[in-house]
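Read left to right, the sequence shown gives residues 111 to 417 (the numbering used here).
By construction, the Cβ of each residue, glycine as well, lies at the ideal position given by its N, Cα and C atoms.
Since this is a predicted model, take the numbers as computed values, not measurements.
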Amino acid sequence: MAEIIELKDHLKGKGKHPEPPRSGAELVRGLKEAYTLFSPLTNLPYAECEQENFNDQSFLYETKEAVEAAAAAYEEQGVRVSVRELKTVELQIPVQADKPDGEKRRVYLNQVRQHLGILPFMGLNAVRFQPAAGAACLIDLEELLPEDFQKKVNANELYQPTLQLTGAYLMQEARRKKEFVDMKHLKELDEEFSSNLVKSRLFLAVLPPEGKEKEPKLNLSECKLPYLKHQNGDLFFPVFTDIWEFQKYAQSRKGVRSIQIPFTQLLKFEGKEAKSYMLNPMGFSLPLTREMIPKLLQKFGASVEPT
């Protein structure tokens with residue numbers, strides 16, 4: 111009788127073909143939840159340059175066990191990382207934007223897709239994905255994002271992905287546990303970032319006079335520069351690599367605006383109260399003292415530009 115059942119089962123499945131395995135990109139596009147490695151040293155997703163084709167990559171894991179094992183392995187190498195869960199969350203938003211307390215509609219935010227969408231602003235071009243079963247695979251972001259999304263980011267003067275990425279790499283290495291720091295590599299990262307910084311255009315936060323916060327053109331002589339106060343009491347001017355970093359800062363500060371200036375003009379915007387500048391205070395938080403800036407300009411062949 112058992113043999114008859116087995117034969118029937120065999121005949122029942124005859125003619126059916128197994129579905130082809132899904133590619134890594136297809137798996138990632140279908141994820142509703144996942145895990146990633148985050149760097150507490152930069153307040154950004156952990157970034158790494160893979161050594162075969164030199165892709166700048168972030169990491170994505172389908173299971174909590176896999177990401178926790180990876181985080182533990184990095185900690186053993188002196189690399190500080192944390193695990194961040196990405197999931198799909200339900201939000202209630204106003205039906206009419208001008209009536210925030212009115213009727214609401216339900217929407218769902220896929221944090222996996224949101225995470226992938228910020229990677230080009232960091233200068234990353236790939237994701238290393240570890241599925242629940244099988245080997246990890248490297249996926250080009252072009253396979254996961256809307257067409258030409260990366261090109262549009264790179265072409266937009268409001269963003270400087272290369273500066274952001276080299277700054278993140280520098281801070282990840284510089285703030286590593288001391289016994290693990292590769293001083294030669296650190297010097298190379300510092301040179302690369304500093305060269306990009308001198309050629310950059312940074313965003314500076316300004317406070318317009320009361321009542322003029324929304325005027326299209328600002329008279330800078332009427333504006334004030336906001337300060338940041340460090341826990342030790344030192345004051346800093348906040349400056350930003352791009353509009354994305356500025357918006358992180360501005361979202362909880364009413365009335366603050368931004369202007370974009372060449373790095374070569376940065377010293378023209380200062381005050382006696384502030385000790386130095388703080389680049390990307392909501393990101394990798396790199397202090398720039400007044401003494402450092404002329405040295406960088408001299409080293410990389412730049413000079414202060416006229417106003």
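Considering only residues of the same chain and omitting the five flanking positions on each side of residue i, which have a CB-CB separation below 6 angstroms?
i	result
L248	A236 and R238
L226	L254
Cα separation between residue i and residue j?
i	j	result
W354	M293	31 angstroms
F347	V366	13 angstroms
K405	P319	34 angstroms
S168	Q282	13 angstroms
E431	V199	Examination of residue 431 is not possible in this model, given that the chain is present from 111 through 417 alone.
D211	L201	14 angstroms
E325	F313	18 angstroms
For residue i, collect the residues of the same chain with a Cβ closer than 8 angstroms to its Cβ; drop the 5 residues on either side in sequence, then sort them by chain order.
i	result
L137	E172, F239 and P241
F290	Q187, G188 and V189
L330	V316 and I369
P397	F346, S386, Y387, M388 and L389
N264	P230 and P271
Tell me whether residue i is buried or exposed, calling it buried when 16 or more other Cβ atoms sit within 10 Å of its Cβ.
i	result
Y218	exposed
P256	exposed
I228	exposed
A181	buried
I203	exposed
T152	buried
F164	exposed
Find the nearest neighbour of residue i within the set the options, judged by alpha-carbon distance.
i	options	result
L407	P372, A284 and T152	P372
K364	K322, M402 and K339	K322
A278	L268, K261, S304 and G134	S304
S362	M392, R139 and D352	M392
Once the 5 residues before and after residue i are set aside, which same chain residues still bring their CB inside 7 angstroms of it?
i	result
V308	F373, L406, L407, F410 and A412
May I ask whether a heavy atom of the ligand NAP can be found less than 7 angstroms away from the beta carbon of residue i?
i	result
E301	The ligand NAP is not part of the structure shown, which contains no ligands of any sort.
Query - Three CB pairs or more closer than 8 angstroms across the region 150–169 and the region 190–197 - result: yes
The region 270–278 in contact with the region 226–234 per 3-pair CB rule at 8 angstroms: yes
Three or more C-beta pairs under 8 angstroms: does that hold for the region 330–345 against the region 293–302?
no
Notebook entry, point to check: Hey, is the region 167–182 in contact with the region 139–153, meaning 3+ C-beta pairs nearer than 8 angstroms?
Noted result: yes
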